[in-house]
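J.: Below: one structure in structure tokens.
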Amino acid sequence: MRLRNVWMCALGIALVASVACGGGQSTSNKSAEPTAPAGTPAGQKVDMATAGDVKGTVTLDGTAPKNAPIKMNADPICLKLNKDPQFQETFMVADGKLANVFVYVKDGLGNYVYDQPTDKVTIDQQNCRYHPHVFGMRVGQTLVIKNSDDTLHNIHAMPKTNTEFNEGEPIKGMTRDKVFTAKEVMVPFKCDVHGWMNAYVGVLDHPYYAVTDKDGKFELKSLPPGTYTIEAWHEKLGAQEQKVTLGQKESKDVSFTFKAPAVPTNN
Ligand SMILES: [Cu+2]
């Protein structure tokens, strides 16, 4: 390895260690480890000196369907916690921009290795809803399932690849830790006590994922140069893919448009 490359790699490692990558939001305290020898892409860390970004906006073309109303009569505690009318979060649209879309690198990353996040991801059962509704996490990362309500919640994960689980949390303040062992987009959750409660997690083996915010925006930071398939997933509108090629330090816009259903969906 030439001296310059050694320096670039060292810089890259230092940045990887100090800057949160994508949705991982973790800061690793691990000291820099030696990278694989030059010419051995497998097991190599991303060189932050040449990394770029993919950002974009997700738009809904057409009129957003009305979200289904939620009736919480089955549980008086939930009813008491929610005085205002409640609706599903299926279509979160403002000015035509779509929130709660999971966007991630589906293909093209090769064999890079990434620091394992040391932080935990939390899904909270609060006011008889899941928070967040759509989120991402890493394979091997701890998911804390919390009950903030004074009522029984039963979180039921229904993966196809990972192991299904179905666990009750009868007491306010209870938490359970879970780990997904394989990548899977998406794993749905439901509450077996409250039929309206649902959430989705995208589990990935890399840090390049995001969920669109209320303005429909997302950002995948610190992507190495390469050609990638970016997928945008929505719980009702399905998934779309786009290819993008990133040169060194390039920032590219990859925006998606989903067509609103012609007939209102029964969400
Ligand atoms: Cu529940």
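Numbering (this note's numbering), first residue to last: 1171 to 1437.
Every residue, glycine too, gets a C-beta built ideally from N, C-alpha and C.
Keep in mind it's a predicted model, so treat the numbers as computed, not measured.
#1: Buried or exposed: S1215, going by 16 or more other Cβ atoms within 10 Å of its Cβ?
#2: State the beta-bridge partners of M1307 as determined by DSSP.
#3: Need the endpoints of the beta strand (DSSP E) that K1276 sits in, please.
#4: Just mark S1201 as buried or exposed, buried being the case when its beta carbon has 16 or more other beta carbons within 10 Å.
#5: With burial defined as no fewer than 16 other Cβ atoms inside 10 Å of the residue's Cβ, what is the status of P1255: buried or exposed?
#6: So, with DSSP's three-state summary, where would you put K1429?
#7: So is the beta-carbon of M1367 under 7 Å away from any non-hydrogen atom of ligand 1?
#8: Consider the C-beta atom of N1324 and the heavy atoms of ligand 1; say whether any pair is separated by less than 7 Å.
#9: Tell me which residues share the same chain as K1384 and place their Cβ nearer than 8 Å to its Cβ, disregarding the 5 neighbours each side in the sequence.
#10: V1355 and N1332: beta carbons closer than 8 Å?
#11: Just checking my contact of I1116 with V1275 at CB under 8 Å: how many whole Å lie between their CB atoms?
#12: Mind reading off the beta-carbon distance from D1320 to N1297? Whole number of angstroms is fine, and I expect it under 8 Å.
#13: Opposite E1403 in the DSSP bridges: which residues?
#14: Hey, would you say the C-beta of H1149 is under 7 Å away from at least one heavy atom of ligand 1?
#15: Q1258: beta carbon under 7 Å from a heavy atom of ligand 1?
#16: Enumerate in chain order the residues of its own chain whose CB-to-CB distance from M1344 is below 8 Å, with the five nearest sequence positions on each side excluded.
#17: Say yes only if the C-beta of H1364 is nearer than 7 Å to one or more non-hydrogen atoms of ligand 1, and no if none qualify.
#18: Decide if I1341 is buried, meaning its Cβ has at least 16 other Cβ atoms within 10 Å, or exposed.
T.: For this structure:
#1: The residue you asked about is not Ser; residue 1215 is Lys in the sequence shown. Result: buried.
#2: V1373
#3: F1272 to D1277
#4: Low confidence applies to S1201: its pLDDT is 40, below 50, so where it sits in the model is not reliable, and the reading given next is rough at best. Counting Cβ neighbours within 10 Å, S1201 comes out exposed, since fewer than 16 surround it.
#5: exposed
#6: strand
#7: yes
#8: yes
#9: M1262, A1264, K1267 and A1269
#10: no
#11: The question about residue 1116 has no answer, for the chain in this structure spans 1171 to 1437.
#12: The Cβ separation is near 11 Å, so there is no contact.
#13: The residue asked about is misnamed: residue 1403 is Trp in this sequence, not Glu. For W1403, which the question treats as bridged, DSSP gives the partners F1272 and A1409.
#14: Examination of residue 1149 is not possible in this model, given that the chain is present from 1171 through 1437 alone.
#15: no
#16: K1316 and N1317
#17: yes
#18: exposed
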